[in-house]
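Accompanying notes for the structure given below.
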Amino acid sequence: MDINILIAEDEDDIRALLDLHLSNKGYKIFQASNGIEALEILSRESIHLLILDVMMPKMNGFETIKKIRETNNMPVIFLTAMTEEANKILGLGLGADDYVIKPFSIIEIISRVEAHLRRYMKYSTNEFINTLSNGELILNLENYEFKKKGIVIELLPKEFNMLVLFMKNIGRVFTKKQLYEAVWEEEYLGDDNTIMVHISNLREKIEDNPRKPKYLKTIRGVGYRMVKSND
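Numbering-wise (our numbering), the sequence shown opens with residue 172 and increments by one.
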């Protein structure tokens with residue numbers, strides 16, 4: 172299995188340096204130059220560890236980790252030139268697993284990456300790691316099981332895959348075309364009815380009141396998105 176590492180850093184030379192040395196260790200590397208790019212990569216790729224700079228354009232590291240921790244518990248290592256103790260406390264408090272000050276030793280970074288991955292991968296078959304949750308909805312990816320309020324509810328394969336897509340991308344709007352091509356893995360030829368029927372059936376199973384959905388919202392003229400529960 173590939174172990175995927177995302178490097179979110181606005182300095183090209185630092186990204187290139189980390190990419191070179193971590194690739195040589197056999198890791199598959201993804202790169203982002205700001206927090207928005209990092210979140211986009213995380214929405215479509217299975218990332219096992221994130222190296223995250225604090226001071227980046229568009230969305231800084233602190234804002235980025237807040238978004239990440241809403242749905243993802245992978246290891247995050249902050250890499251920053253900010254030396255103040257208060258920033259370190261803030262970063263760790265927001266959910267970072269480690270905090271490395273620039274300039275850094277590449278040997279130290281690799282050692283920390285390997286240590287965090289060992290701990291993370293050790294429990295990667297644990298039900299918690301293989302679970303997606305949003306309020307009273309819980310998807311167990313290992314057992315292919317869906318629970319609402321602790322009760323197992325059977326989903327058809329396409330319903331399950333659609334729910335996985337929504338729960339991995341809470342807040343993101345998907346067009347009908349994007350949904351069809353992601354779930355059916357076929358070219359979308361305008362078959363709106365297929366999407367609408369599956370959305371309707373899925374709402375019947377995940378919503379208390381399908382006519383007034385709490386989770387799976389219609390964005391008129393665009394598509395659908397799952398919203399984060401406030402429970």
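We treat Cβ as the ideally placed atom computed from N, Cα and C, and that holds for glycine.
Going by Cα to Cα distance, which pick from the options is closest to residue i?
i           : options            : result
residue 399 : 342, 278, 201      : 342
residue 214 : 194, 316, 230, 238 : 238
residue 307 : 322, 273, 248      : 322
residue 118 : 251, 204, 222, 340 : Within the shown structure, residues of the chain are numbered from 172 to 402, placing residue 118 beyond reach of any answer.
residue 195 : 174, 328, 236      : 174
residue 205 : 193, 179, 186, 262 : 179
residue 291 : 218, 391, 261      : 218
residue 391 : 344, 252, 380      : 344
residue 220 : 193, 272, 309      : 193
residue 241 : 374, 210, 248      : 210
residue 375 : 356, 393, 222, 334 : 334
residue 284 : 222, 228, 368, 396 : 222
Given a cut-off of 8 Å on the beta-carbon distance, is the pair residue i and residue j in contact?
i           : j           : result
residue 143 : residue 207 : The chain is shown only over 172 to 402; residue 143 falls outside these bounds and no answer can be derived.
residue 320 : residue 377 : no
residue 351 : residue 370 : no
Taking buried to mean at least 16 other C-beta atoms within 10 Å of its own C-beta, is residue i buried or exposed?
i           : result
residue 401 : exposed
residue 224 : buried
residue 354 : buried
residue 197 : exposed
residue 328 : exposed
residue 297 : With a pLDDT of 46 at residue 297, under the threshold of 50, the modelled position of this residue cannot be trusted; read the value that follows with caution. The residue is exposed, with fewer than 16 neighbouring Cβ atoms inside 10 Å.
residue 330 : buried
Output the boundary residues of the beta strand (DSSP E) element that contains residue i.
i           : result
residue 179 : 175-179
residue 388 : 387-390
Looking at the ligand MG, does it come within less than 7 Å of residue i, judged from the CB to the closest heavy atom?
i           : result
residue 211 : Absence of the ligand MG from the depicted structure is noted, as is the absence of any ligand whatsoever, leaving it without description.
Output the boundary residues of the alpha helix (DSSP H) element that contains residue i.
i           : result
residue 258 : 256-264
Legend entry - Residue ranges of each alpha helix (DSSP H) within the region 189-246, 4 or longer: 206-215, 232-239
Inset, instruction - At 3 residues or longer, and completely inside the region 308-377: list those beta strand (DSSP E) runs for me, N to C. - result: 308-311, 316-319, 344-346
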